[in-house]
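There are 2 protein chains.
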Amino acid sequence: MEITANNPKRKSWLQVNSNSDFPIQNIPFGVFITKDDIITIGTRIGDFAIDLGALHQLGYFEGIPLTDDIFLQDTLNDFIADGRKTWRLVRNRIAEIFDVTNGKLRDNAEHKDKIIFRMEDVEMQLPVSVGDYTDFYASKEHATNVGSLFRDPENALLPNWLHIPIGYHGRSSSIVPSGTPIHRPIGQQRPSEGETTPNFGPSKLLDFELEMAFITTVANDLGDRIPIEEADEYIFGLVLFNDWSARDIQAWEYVPLGPFLGKNFASTISPWIVTLDALEPFRVDNPKQVHEPLPYLKKEGKDSLDINLQMAIKPEGKEETVVCNSNFKYMYWTMAQQLAHHTVNGCPVNAGDMMGSGTISGPTKDSFGSMLELTWRGQNPIKMNDGSERKFINDNDTVIMRGYSQNDQVRIGFGECTGKILPAKE
Amino acid sequence: MEITANNPKRKSWLQVNSNSDFPIQNIPFGVFITKDDIITIGTRIGDFAIDLGALHQLGYFEGIPLTDDIFLQDTLNDFIADGRKTWRLVRNRIAEIFDVTNGKLRDNAEHKDKIIFRMEDVEMQLPVSVGDYTDFYASKEHATNVGSLFRDPENALLPNWLHIPIGYHGRSSSIVPSGTPIHRPIGQQRPSEGETTPNFGPSKLLDFELEMAFITTVANDLGDRIPIEEADEYIFGLVLFNDWSARDIQAWEYVPLGPFLGKNFASTISPWIVTLDALEPFRVDNPKQVHEPLPYLKKEGKDSLDINLQMAIKPEGKEETVVCNSNFKYMYWTMAQQLAHHTVNGCPVNAGDMMGSGTISGPTKDSFGSMLELTWRGQNPIKMNDGSERKFINDNDTVIMRGYSQNDQVRIGFGECTGKILPAKE
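Just so you know, the protein sequences line up as chains D and R, in that order.
The working numbering numbers the first residue of the first sequence as 16 and each following residue consecutively.
The working numbering numbers the first residue of the second sequence as 16 and each following residue consecutively.
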């Protein structure tokens, strides 16, 4: 099916600023609460939130096989489970409805009142109920940096890393939407020199991790696997993802079974899921891999995505400082490889599962995706625009992640993924 | 509220064999499908399955605040979310209804037809939709054995182990109910001596792990924690748990972020959740801990449970061989300590979350909870009753876990948790 929604020439009758992340070619999906306290599934064009529940009730999706209440829900899970054909039909239809040449809704003031809201009048929610959340560790630069910092700079990459898209399971219950404030976590930390009792208290080394995450649809039953050629079919879309990390809690707890309380106090995602379809124009060549991957991980083509990513820190009442510029294309293992690997043993993937990329660090020092790497474990503090310095995140700092793809025809963005760190709760 | 359901003197008008795991003092909760293809929440007395949906519709829970459809569901999650007071009211009422002196249902043939089924006529389902699944690593003997086998016998326990109830996140999507057959998983394994390319194929070292798991109710919001004194309130009940493990896949993938595909191909639980209330008579003293725990983990009392656990292997068409006898009381960290630890950083725990104990190994060689430990990595194969030997699990072996508590008055059991290993799927 042609993705007519992606037509770069199309203009909308809704006003869209030229630098907007949400032109009519984006059409992301999210969940919001209106001023009238109604929760609904929606999309966004420019600075307008569009109620897809109302649009459906008023007959604008006629001819597309959708259940009556598919958009009158508090998560996208059921819509995602409907599969790629349905997503495409719906995105194409939305593009038609808001096309500058289409007067059907444009000229119906009563309908517009029910369907279109200003973004400042809605409250974005978590877009999906995440069943299982897996975090990968797929940036070679990040794995090399962390290996150098924590183990051995000469053998920074462990022997398995170049063969396996290393991943581990995360906690779904603490995934929160952008804007949710987060208390500094409390926990055990390594005993001080000469002591045997662990330290205990608020984390002193609170960090962000610049990641992206993709949301899947129902892919396979227990015992079956997803062939790498089919992996794209099961990827609904992507979000920005800040995988908050308490480095001191993590360092003490993580052997031998991996990170736990150092990560699961909170993970923030951006509220709009940008579809993989909308990002089609930004596919770029797969990374060159050091070893030829095993057959189940082998696929030629353009499975990488050119998405500019940025992280900024904003001290309370001060202006922000951009601390990192990275790009999703720096990933060593592609999403297709991750899905093929995740299911090679028969592990089932469901609608609403989320797969994090792992921290995305680029080749240059200003592209490292965590404070751990940017300040090299605090050795090189970052100078902030307000004159202060940061080794890690301070209380009352807001961390702001942004992401967008751009070519000479269109810009497809994610908006912001923000979180403010509140002092530890006594 | 008194747990009158636990009265050891009570007898039921339903026939119960003296060695049954399910006397009227048990009253576990599960989900089953009847011959008429109706899915419902139920309990079990002797070899009878009792439809709680029908019991509720026919008015037997009058006076207990329950929504009309609370038992007409395909998972126990909503009932679990109702909280401990409701669980107790319902269990107490069920005990009354089936008390040998109570004629109300006993003498109503029409109602009995709608409510009571023979166990062989129902098909047990997964009792909960597991939101998040955490696996702990809480048996000192197991951690010591694994540390000796994989690292250094002189320093088998890592420095953090005696201070932290070590845990990690598992995969919810591959949790299956007892009886679900499981294909031998396929995956990468360590390269052969002198090679750099990993081996790939069916796991050669497929193992069970003898565990128990507890199911929680809604406990805390993001940022809040559960004080250890309150932890029991949030534990609905327990199941037997076989955490299948492919040792060769696990060994190659697990550094530095922990087990992933070596575990997430399948995890089997017993279908009846035995409530923590029903296990009250089997509380025993907490284990003596080497170091005084940090204050948030400190609690005196009887938080350990005396539950006999057994694992058997049954080759196809042959009699079974019991390979391990262990006990839940061998756990070094209690469930209360695990919950307090899990939430000390503000991580939210929800209704239907599952917390595995980790492999429960006892002090003697025949009480080790995995083939890895029982055969000491295959060095000492186990002789089977049919004359064959096992280092790990063979294709078409059925692994059977059993568990029960017993004193001179009552036996409270879990039934069986079984799984047959099918050959790898091509």
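For each residue, glycine too, the CB sits at the ideal point set by N, CA and C.
Bounds of the beta strand (DSSP E) holding I415 (chain D) are 413-421.
S319 (chain R) carries a strand assignment under DSSP once its states are collapsed to helix, strand and coil.
Excluding its 5 nearest sequence neighbours in each direction, K50 (chain D) has C-beta neighbours in its own chain below 8 Å: F132, D136, V137, listed in chain order. W267 (chain R) reaches chain D at N175, I179, counting residues in chain order whose Cβ is nearer than 8 Å.
Judged by DSSP in its simplified three-state form, E138 (chain D) adopts strand. Secondary structure of S27 (chain D) (DSSP, three-state): strand.
Counting only residues of its own chain and dropping the five nearest sequence neighbours on each side, L29 (chain D) has a CB closer than 7 Å to the CB of I60, G61, F63, F113. A228 (chain R) sits in a strand when the DSSP states are folded into three classes. Taking the Cβ atoms as the reference, P43 (chain R) lies roughly 5 Å from V289 (chain R), within the contact range of under 8 Å.
By the criterion of at least three beta-carbon pairs nearer than 8 Å, the segment 377-392 of chain D is in contact with the segment 220-227 of chain D.
For R186 (chain D), the chain R residues whose C-beta falls within less than 7 Å of its own C-beta are D147, H184, C362, listed in chain order. Ranked by Cα distance from V31 (chain D), the first of D:E441, D:C432, D:K440, D:I427 is D:I427. Here the C-alpha atom of T283 (chain R) lies approximately 6 Å from the C-alpha atom of I190 (chain R). Within a 10 Å sphere around the beta-carbon of N21 (chain R) sit 16 or more other beta-carbons, which makes this residue buried. Taking V337 (chain R) as the centre and dropping the five residues before and after it, the same chain places the C-beta of Q325, M326, A327 closer than 8 Å to its C-beta, in chain order. Across the segment 225-249 of chain D, CB contacts with chain R closer than 7 Å involve L237, G238, in sequence order along the chain.
With at least 16 other beta carbons inside 10 angstroms of its own, G68 (chain R) counts as buried. Taking 8 Å as the upper bound for CB-CB distance, L291 (chain D) and C362 (chain R) are not in contact here, some 30 Å apart.
In the assembly as shown, D263 (chain D) is a buried residue. Its beta-carbon has 16 or more other beta-carbons within 10 Å. Excluding five sequence positions before and after G373 (chain D), the CB atoms of its chain that fall closer than 7 Å to its own CB belong to D150, F151, Y152, A153, S154, H157, E226, given in chain order. Beta-carbon to beta-carbon, G371 (chain D) and G146 (chain D) are separated by about 14 Å, too far to satisfy the 8 Å threshold. In this structure, the beta-carbon distance from G434 (chain D) to I197 (chain D) falls below 8 Å. D:W176 is the residue among D:T195, D:G216, D:W176 whose C-alpha sits nearest the C-alpha of V305 (chain D). Within the same chain, and ignoring the five residues on either side of P180 (chain D) in sequence, the residues whose Cβ sits closer than 7 Å to its Cβ are F151, A153, W348, Q352, Q353, H356. Under the criterion of beta carbons closer than 8 Å, N409 (chain D) and P330 (chain D) qualify as touching, at roughly 7 Å. Those residues of the segment 131-159 of chain D placed with their C-beta closer than 7 Å to a C-beta in chain R are G146, D147, Y152, ordered along the chain. If you look at M370 (chain R), you'll find it in the beta strand (DSSP E) that goes 369-371. CA-to-CA, the gap between N301 (chain D) and K344 (chain D) works out to about 8 Å.
Between H184 (chain R) and H184 (chain D) a beta carbon distance of about 4 Å is seen, short of the 8 Å cut, so the two are scored as contacting. Taking a Cβ-Cβ cut-off of 7 Å, the neighbours of G273 (chain R) in chain D comprise Y183, L272, G273, given in sequence order. Going by C-alpha positions, Y269 (chain R) is about 20 Å away from M350 (chain D).
Taken in chain order, the unbroken stretches of beta strand (DSSP E) that lie wholly in the segment 318-387 of chain D and span 3 residues or more are 323-329, 336-342, 369-371.
Remark: C-beta atoms of I375 (chain D) and S341 (chain D) approach each other more closely than 8 Å.
Within 9 Å of the CB of K440 (chain R), the CB atoms of chain D belong to G238, D239, R240, G361, in sequence order along the chain. Ranking R:S144, R:R103, R:G162, R:A228 by CA distance to the CA of E17 (chain R) puts R:R103 first. Distance from V364 (chain R) to A234 (chain R) at the Cβ level is roughly 4 Å; contact confirmed, criterion being Cβ atoms closer than 8 Å.
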